[in-house]
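Using this note's numbering, read the sequence shown as starting at 2 and increasing by one per residue. Think of the CB as a built atom: it goes at the ideal place given N, C-alpha and C, for glycine as much as any other residue. In what follows, a single structure is set out as structure tokens and then discussed.
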Amino acid sequence: MDTREKAQNVQLSKDMTLAGNHSLAEGNLLYQPKLDALKATLTQKYQELQVLFEAYQIKKTKLAFWYTA
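This is how it looks when you write it as structure tokens:
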């Protein structure tokens with residue numbers, strides 16, 4: 002195998018790698034809408050958790066007050 006063939010093989014390998022990476026990137030972009038929706042749902046759930054935790058803290062404080070009174 003001469004230098005020219007080696008260079009062609011390297012270029013072909015590079016081109017195939019780039020094409021594979023491009024294909025993977027396009028495939029990953031298909032997941033973006035679902036990922037964004039799941040992130041929004043997670044944010045909403047954390048906000049709900051915060052509200053519930055605050056209500057729990059208030060009830061816990063009231064209960065402690067009743068037991069000490």
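Cβ of residue i within 7 Å of any heavy atom in the ligand ATP?
i            : result
threonine 18 : You won't find the ligand ATP in this model; it holds no ligand whatsoever.
Return the CA-CA distance between residue i and residue j, expressed in angstroms with no decimal places.
i            : j            : result
leucine 39   : threonine 4  : 52 Å
tyrosine 47  : glycine 28   : 29 Å
leucine 13   : tyrosine 32  : 29 Å
glutamine 9  : glutamate 49 : 59 Å
glutamine 35 : glutamine 45 : Residue identity check: residue 35 is lysine in the sequence provided, not glutamine. The alpha-carbon atoms of lysine 35 and glutamine 45 are separated by roughly 15 Å.
alanine 26   : threonine 42 : 25 Å
alanine 56   : aspartate 37 : 29 Å
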